[in-house]
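Let me begin by presenting the structure, written as structure tokens, before commenting on it.
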RNA sequence: GGAGAGAUGGCCGAGUUGGUCGAAGGCGCCUGACUCGAAAUCAGGUAUACCCGGAAGGGUAUCGGGGGUUCGAAUCCCUCUCUCUCCGCCA
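In the numbering used here, the protein residues as written are 30 to 474.
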């Protein structure tokens with residue numbers, strides 16, 4: 030039913046039954062993401078699992094009813110009871126063996142399913158790389174013109190004394206930075222500005238834990254695929270052995286999406302919208318040599334994240350709204366940007382559809398991603414078991430989860446520095462932000 | 001960190017000499033009756049997942065998680081997690 034014509038938005042990922050019963054269709058749609066996904070083992074394992082369940086459950090049903098009979102026999106006919114007990118012993122062992130094998134099969138199957146990315150939505154353009162992403166629109170602010178050669182943000186930041194990359198490296202290593210003075214204040218102002226904007230537009234503010242359990246990381250799909258991209262923390266016991274492990278969140282998406290893990294939400298209250306500030310920690314494995322200078326790619330940065338839990342019928346409308354809410358930050362800051370629709374080849378593994386917001390950076394002479402807004406459909410919800418009851422008495426269904434940055438704070442600082450720079454090296458503060466800066470209108474050396 | 005108590009269905013709350021307990025009772029919710037309508041009252045229904053089946057329906061699992069004892073565990077044993085109370089420490 031998930032693949033009925035005209036209903037592509039219902040396409041679900043990771044649902045074993047759907048995948049197993051629609052192998053060719055699923056494989057076809059996954060092929061748009063690129064080669065290398067083989068579903069045959071999934072089909073084979075699914076069949077083996079089904080068969081084993083039937084056998085084991087039949088044996089268990091027999092065991093159960095005869096076991097009850099044994100209970101009665103013990104009182105009425107002890108010798109017969111002893112005889113039956115001996116038979117049941119054997120049956121019990123068969124059942125246990127079947128259970129073990131089933132557990133093994135299902136573990137293997139889960140590992141396979143975890144490795145399969147989400148199915149792209151029908152409206153996502155097919156393409157192999159970022160070059161095939163589709164331009165959706167530009168924001169209202171025009172591209173700024175400069176009568177001088179605009180500097181990159183790190184040059185400005187160092188000259189203004191508000192970004193200290195050297196000391197960041199001294200204390201923590203590469204890709205760590207101190208913001209100081211007006212720079213630190215600017216970050217704080219941006220966070221408040223963004224949260225105030227979003228909460229005034231219907232989001233509930235949430236300040237989440239910054240460390241999460243391995244379960245939470247799996248629920249949103251960070252594990253096991255991206256284990257190398259995250260920081261893991263451990264607590265040791267007296268003997269120096271692992272007592273507990275927690276992960277530094279790579280985005281507030283992780284704690285906030287897991288906020289409703291294993292819950293059945295009231296359908297009448299959907300969509301639920303949250304705006305969460307958090308620092309984000311990323312190991313950035315595999316990006317050596319990329320954006321080595323400046324704030325663009327740090328191991329730690331701050332972000333305000335928007336998260337929604339929506340009914341499947343409305344999730345794509347909510348994606349448009351969420352994207353517009355993220356855009357609104359750039360609109361108010363009067364920064365030039367464009368909205369891109371990611372193609373199948375550039376789409377994140379968990380996402381069914383993603384819009385990237387790319388802000389113009391005159392110092393780099395390039396558009397750079399400052400927000401990524403995605404609909405994950407029920408891909409995350411299935412793992413995290415987040416459901417909703419459409420109406421009282423009805424069956425629970427999986428919700429659709431969405432999220433997007435609103436926005437990445439560090440990159441917003443970059444955009445402000447580069448777009449609002451003056452010939453003398455000073456930087457104006459966008460009007461919308463001035464109330465949050467104690468009225469400051471300009472950062473000067 | 002030390003001492004103790006607890007974790008049962010949407011919620012509250014029985015059940016711990018192991019057997020027919022998916023689990024009494026209450027609340028909530030749904031359906032019907034009564035009513036012009038509502039409230040109150042009465043009757044019935046009311047978990048989730050998986051497997052078989054076209055369906056009706058049937059089967060299996062789940063009483064915080066995991067493991068064990070047993071023919072059989074919500075009930076016994078071990079372990080982990082979480083919550084609460086008291087003491088200590090601490091931003």
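Heads up, the beta-carbon is just placed ideally off N, CA and C, and yes, glycines get one too.
None of these values were measured; they are calculated from a predicted model.
### Task
Leaving aside the five residues before and after residue 131 along the sequence, list all residues of the same chain whose C-beta is less than 8 angstroms from its C-beta, in chain order.
Locating residue 131 in the first chain gives position 102, counting from the first residue. These residues qualify, in order along the chain: 78, 81, 82, 85.
### Query
How about the segment 439 to 454 and the segment 413 to 429: do they share at least three Cβ pairs that are nearer than 8 angstroms?
By the Cβ test, the segment 439 to 454 is not in contact with the segment 413 to 429, since fewer than three Cβ pairs between them sit closer than 8 angstroms.
### Query
Going by beta carbon distance, what residues of the same chain come within less than 6 angstroms of residue 194, once the five residues before and after it are set aside?
The residue labelled residue 194 in the question sits at position 165 within the first chain. Within the same chain, residue 194 has close Cβ partners 206.
### Message
My output table needs one value for residue 309: the three-state DSSP class, helix, strand or coil.
### Response
Here residue 309 is taken as the residue at index 280 of the first chain, counted from 1. Three-state result, residue 309: strand.
### Residues near residue 414 in its chain [Cβ-Cβ closer than 6 angstroms; skip 5 each side]
Residue mapping note: residue 414 aligns to position 385 of the first chain, counting from 1. Shown here for residue 414: same chain residues with a beta carbon closer than 6 angstroms to its own, the five before and five after excluded, namely 291 in chain order.
### Message
I need the straight-line Cα distance from residue 258 to residue 278, nearest angstrom please.
### Response
Along the first chain, read from residue 1 onward, the residue named residue 258 stands at position 229. Along the first chain, read from residue 1 onward, the residue named residue 278 stands at position 249. Between the alpha carbons of residue 258 and residue 278 lies a gap of roughly 11 angstroms.
### Message
I need the straight-line Cα distance from residue 113 to residue 99, nearest angstrom please.
### Response
Indexing the first chain from 1 puts residue 113 at position 84. Indexing the first chain from 1 puts residue 99 at position 70. In a straight line, the C-alpha of residue 113 is about 7 angstroms away from that of residue 99.
### Task
Using DSSP bridges, identify the partner residues of residue 369.
Translated into the one-based positions of the first chain, residue 369 becomes position 340. For residue 369, the pairing in a beta bridge is given by DSSP as 164, 385.
### Query
Buried or exposed: residue 236, going by 16 or more other Cβ atoms within 10 Å of its Cβ?
To locate residue 236, count along the first chain from 1; it is residue 207. Burial call: exposed.
### Message
Per the DSSP calculation, residue 92 is bridged to which residue(s)?
### Response
Within the first chain, residue 92 is the residue found at index 63, counting from 1. Note: residue 92 sits in no beta bridge, so no partner.
### Message
Beta-carbon within less than 7 angstroms of residue 239's beta-carbon, same chain only, minus the 5 sequence neighbours each way: which residues are those?
### Response
As a working mapping, residue 239 is identified with position 210 in the first chain. Only 277, 278, 307, 308 meet the Cβ criterion.
### Task
Work out the CA separation of residue 441 and residue 434 for me, nearest whole Å.
For the purposes of this step, residue 434 is identified with residue 405 of the first chain, where counting begins at 1. For the purposes of this step, residue 441 is identified with residue 412 of the first chain, where counting begins at 1. Residue 434 and residue 441: Cα-Cα distance of roughly 11 angstroms.
### Task
Take every Cβ of the segment 175 to 188, pair it with every Cβ of the segment 385 to 394, and state whether three or more of those distances are shorter than 8 angstroms.
Flag = yes, the segment 175 to 188 and the segment 385 to 394 touch.
### Task
Kindly give me the distance between the Cβ atoms of residue 138 and residue 45, rounded to whole angstroms, as I take these residues to be in contact under 8 angstroms.
On the first chain, position 109 is the one that residue 138 refers to. On the first chain, position 16 is the one that residue 45 refers to. Right, the Cβ-Cβ distance comes to about 7 angstroms (below 8 angstroms), so this counts as a contact.
### Residue range of the unbroken beta strand (DSSP E) whose run includes residue 533
Coverage of the chain is limited to positions 30 through 474, which leaves residue 533 absent and any answer about it impossible.
### Task
Give the secondary structure of residue 234 by DSSP, where H, G and I count as helix, E and B as strand, and everything else as coil.
In the first chain, residue 234 corresponds to position 205, counting from 1. Note: residue 234 maps to strand in three-state DSSP.
### Query
Is residue 370 near residue 388, with beta carbons less than 7 angstroms apart?
Here residue 370 corresponds to residue number 341 of the first chain, with the count starting at 1. Here residue 388 corresponds to residue number 359 of the first chain, with the count starting at 1. Taking 7 angstroms as the Cβ cut-off, residue 370 and residue 388 do not qualify as a contacting pair.
### Task
To the nearest angstrom, report how far apart residue 431 and residue 95 are at their CA atoms.
Position 402 of the first chain holds residue 431. Position 66 of the first chain holds residue 95. Here the alpha carbon of residue 431 sits roughly 51 angstroms from the alpha carbon of residue 95.
### Task
Taking all protein chains shown into account, decide if residue 30 is buried (16 or more other Cβ within 10 angstroms of its Cβ) or exposed.
In the first chain, residue 30 corresponds to position 1, counting from 1. Residue placement at residue 30 is flagged as unreliable, the pLDDT there being 19, under the threshold of 50; a coordinate-derived value is accordingly withheld.
### Message
From the DSSP secondary-structure annotation, give me the bridge partner or partners of residue 433.
### Response
Looking up residue 433 in the first chain gives position 404. In DSSP, residue 433 forms a bridge with 335, 402.
### Query
Rounded to whole angstroms, how far is the Cβ of residue 223 from the Cβ of residue 358, which I believe are closer than 8 angstroms?
As a first step, residue 223 is located in the first chain; it is residue number 194 there, counting from the start. As a first step, residue 358 is located in the first chain; it is residue number 329 there, counting from the start. 6 angstroms between Cβ atoms; contact.
### Query
In three-state terms, what does DSSP make of residue 226?
What you label residue 226 is simply residue 197 of the first chain in a count that begins at 1. In the structure shown, residue 226 sits in a helix (DSSP, three-state: H, G or I).
### Residue from 420, 331, 156, 150 whose Cα sits closest to the Cα of residue 219
Within the first chain, residue 219 is the residue found at index 190, counting from 1. Taking only the C-alpha atoms, the option nearest residue 219 is 331.
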